[in-house]
Amino acid sequence: MGLSDKAQLDGLTIYCLIYSYLGEVYMQSLLENDAALAANTMRSTLFFWWIAYLRQSQDYWWVCQEKGNCLDPRLHAVWQDFGDLFSYATLDDWFDSKGKVTFEAMHQSAACADCLQLVTKENLSSISLVTNSAFICVPIDMDLRKAQQAFANVLKQIRKERSQAYLHCEPLFAPPYQIGPIDPKSKKALINSFRVHLLKHYLDGVDSEHIMKKWGCYEMGFHLGIAKQQHPKPIDTLATAKKKQSCLRALVCQNKVLARTVIDNVEVGKFPCRDKVNVQARWSPQQNKRKLEAIAAGAWHSPNWLSQEFAFLNPAQSRLLPVDHQSPKEEVISILDSFSKMPMPFLLPKRAPRRYASSPD
Numbered sequence: 001m002g003l004s005d006k007a008q009l010d011g012l013t014i015y016c017l018i019y020s021y022l023g024e025v026y027m028q029s030l031l032e033n034d035a036a037l038a039a040n041t042m043r044s045t046l047f048f049w050w051i052a053y054l055r056q057s058q059d060y061w062w063v064c065q066e067k068g069n070c071l072d073p074r075l076h077a078v079w080q081d082f083g084d085l086f087s088y089a090t091l092d093d094w095f096d097s098k099g100k101v102t103f104e105a106m107h108q109s110a111a112c113a114d115c116l117q118l119v120t121k122e123n124l125s126s127i128s129l130v131t132n133s134a135f136i137c138v139p140i141d142m143d144l145r146k147a148q149q150a151f152a153n154v155l156k157q158i159r160k161e162r163s164q165a166y167l168h169c170e171p172l173f174a175p176p177y178q179i180g181p182i183d184p185k186s187k188k189a190l191i192n193s194f195r196v197h198l199l200k201h202y203l204d205g206v207d208s209e210h211i212m213k214k215w216g217c218y219e220m221g222f223h224l225g226i227a228k229q230q231h232p233k234p235i236d237t238l239a240t241a242k243k244k245q246s247c248l249r250a251l252v253c254q255n256k257v258l259a260r261t262v263i264d265n266v267e268v269g270k271f272p273c274r275d276k277v278n279v280q281a282r283w284s285p286q287q288n289k290r291k292l293e294a295i296a297a298g299a300w301h302s303p304n305w306l307s308q309e310f311a312f313l314n315p316a317q318s319r320l321l322p323v324d325h326q327s328p329k330e331e332v333i334s335i336l337d338s339f340s341k342m343p344m345p346f347l348l349p350k351r352a353p354r355r356y357a358s359s360p361d
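Mapping to my numbering: the sequence shown position 194 is 194, numbers consecutive.
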């Protein structure tokens with residue numbers, strides 16, 4: 001949300017509202033001409049992870065191959081708005097071509113002069129609300145400080161109601177797409193679940209002789225560094241070590257389920273969301289046959305798809321990855337660790353911890 005510049009009218013300061021919700025971080029650089037700069041700004045928001053999860057949807061990949069031909073109108077709408085993410089070399093290219101338009105549709109820029117209007121009893125009937133904006137009635141003689149506080153409270157109410165309405169709209173959603181309400185702990189879980197999903201998908205595709213083929217949930221969680229407090233230590237008793245291993249297995253299994261649930265929801269345009277998605281037919285028998293044939297032929301994910309995926313999502317950082325790995329395990333873990341090292345200001349607390357003055361001796 002944002003406040004426009006002050007407008008002076010008959011000696012009274014009128015604050016005009018431009019409500020603009022774009023996740024946790026303002027993305028003012030969307031207006032920049034530099035594609036890489038704008039895309040890098042997006043990488044520090046939850047919208048990056050929206051795109052990352054969307055590219056893990058097999059059905060979204062197939063609807064892109066089918067040029068939008070799909071029996072499920074929800075998936076068709078996502079393809080229509082996000083376009084074919086798999087036809088671009090990098091996220092920067094997609095963002096410059098399609099991403100700005102997609103994400104800018106979520107809000108009206110605060111610089112949009114057409115959205116600034118003074119509403120009075122005389123012209124109320126002639127005013128029409130523009131997309132993503134709201135009018136607030138403010139007594140013109142109200143104390144400025146009280147007005148600002150009341151204004152902030154109303155904006156919080158709008159944000160909450162719009163998010164809830166967005167997440168529960170049925171059967172079809174309509175742009176703008178919005179980040180749903182999510183607590184900091186769940187935000188962090190999104191990143192871990194994504195890394196677990198990538199590793200699981202990688203392990204599913206390796207042959208029986210691969211050094212990592214026998215990895216289970218415990219090995220996945222251990223090598224990904226998830227819940228390090230549950231990693232057995234040399235000083236642990238056998239019972240304690242087994243208990244920690246069981247906890248880590250359970251946590252990784254939960255991450256697998258969460259990733260699948262998030263992918264199901266991004267396919268219908270919701271993120272991050274854990275709602276159960278109503279099953280709906282998407283492909284004709286002929287389409288489904290072609291899809292299975294394409295997957296069997298390796299069109300869905302090539303043997304080196306993991307490194308290619310990271311290069312697409314973060315091309316600048318992918319060029320900094322070491323290339324002389326001693327084993328396939330080191331290469332895979334290096335890539336997955338790089339995802340966890342990306343800038344994530346949305347994980348920081350909204351308020352700095354309160355500091356108390358120390359008592360005098």
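Note that CB positions come from ideal geometry on N, CA and C, so glycine has one too.
- By the neighbour-count criterion, in which a residue is buried when 16 or more other Cβ atoms sit within 10 angstroms of its Cβ, Arg-195 is buried.
- Beta bridge pairing from DSSP links Ile-179 with Phe-271.
- Around the beta carbon of Val-63, 16 or more other beta carbons lie within 10 angstroms, which makes this residue buried.
- The Cβ-Cβ distance between Ala-259 and Ser-186 does not fall below 8 angstroms.
- Nearest to Gly-205 by C-alpha distance, out of Val-257, Ser-302 and Leu-248, is Ser-302.
- Counting of Cβ neighbours within 10 angstroms places Ala-152 among the exposed residues, the total staying below 16.
- In the DSSP assignment, Ile-226 falls outside any alpha helix (DSSP H), carrying neither H nor E.
- Less than 8 angstroms divides the Cβ of Glu-267 from the Cβ of Tyr-60.
- In this structure, Cys-253 keeps its C-beta atom at 8 angstroms or more from the C-beta atom of Asn-265.
- Our two residues, Lys-276 and Thr-261, have alpha carbons roughly 8 angstroms apart in a direct line.
- Scanning its chain for C-beta atoms nearer than 6 angstroms, with the 5 sequence neighbours on each side dropped, one finds around Gln-230 the residues Lys-244, Cys-247 and Leu-248, in chain order.
- Taken through DSSP and simplified to helix, strand or coil, Tyr-88 comes out as coil.
- Between Leu-85 and Leu-54, the CB-CB gap stays under 8 angstroms.
- In the structure shown, Gln-56 adopts coil according to DSSP, grouped into three states.
- Around the beta carbon of Arg-319, fewer than 16 other beta carbons lie within 10 angstroms, which makes this residue exposed.
- The three-state reading of DSSP puts Lys-329 in helix, counting H, G and I together.
- Between the alpha carbons of Ser-327 and Lys-242 lies a distance of about 28 angstroms.
- Arg-282 is classed as buried because its beta carbon has at least 16 other beta carbons within 10 Å across all chains shown.
- Asp-236 sits exposed, since fewer than 16 C-beta atoms from the chains shown fall within 10 Å of its C-beta.
- Minimum Cα-Cα distance from Gln-286 among the listed residues Ala-52, Leu-71, Leu-37 and Thr-41 corresponds to Leu-71.
- Put simply, the backbone Cα of Ser-307 is about 32 angstroms away from that of Lys-233.
- Each residue's CA atom was taken as its position, placing Lys-146 and Phe-339 some 44 angstroms apart.
- The criterion of a C-beta distance shorter than 8 angstroms is satisfied by Ala-77 and Gly-269.
- For Ala-52, the closest alpha carbon among the candidates Phe-222, Ala-316, Gln-317 and His-197 is that of His-197.
- Counting the other CB atoms within 10 Å of its CB gives Ala-239 a total below 16, which places it among the exposed residues.
- CA-CA distance, Phe-47 to Val-257, rounds to 21 angstroms.
- Of the residues assessed, Val-279 falls on the exposed side of the cut-off, its CB having fewer than 16 other CB atoms within 10 angstroms.
- Rounded to the nearest whole angstrom, the CA to CA distance from Val-119 to Cys-137 is 9 angstroms.
- With respect to Leu-224, Trp-215 sits apart: the two C-beta atoms are not nearer than 8 angstroms.
- Taking C-alpha positions only, Ile-226 is separated from Trp-300 by approximately 28 angstroms.
- Its chain contains Leu-199 and Val-252 as the residues whose beta carbon lies nearer than 6 angstroms to that of Met-220, once the 5 sequence neighbours on both sides are disregarded; these appear in chain order.
- The straight-line gap separating the alpha-carbon atoms of Pro-322 and Gln-157 is approximately 48 angstroms.
- Straight through space, the alpha carbons of Met-142 and Trp-50 are spaced by roughly 42 angstroms.
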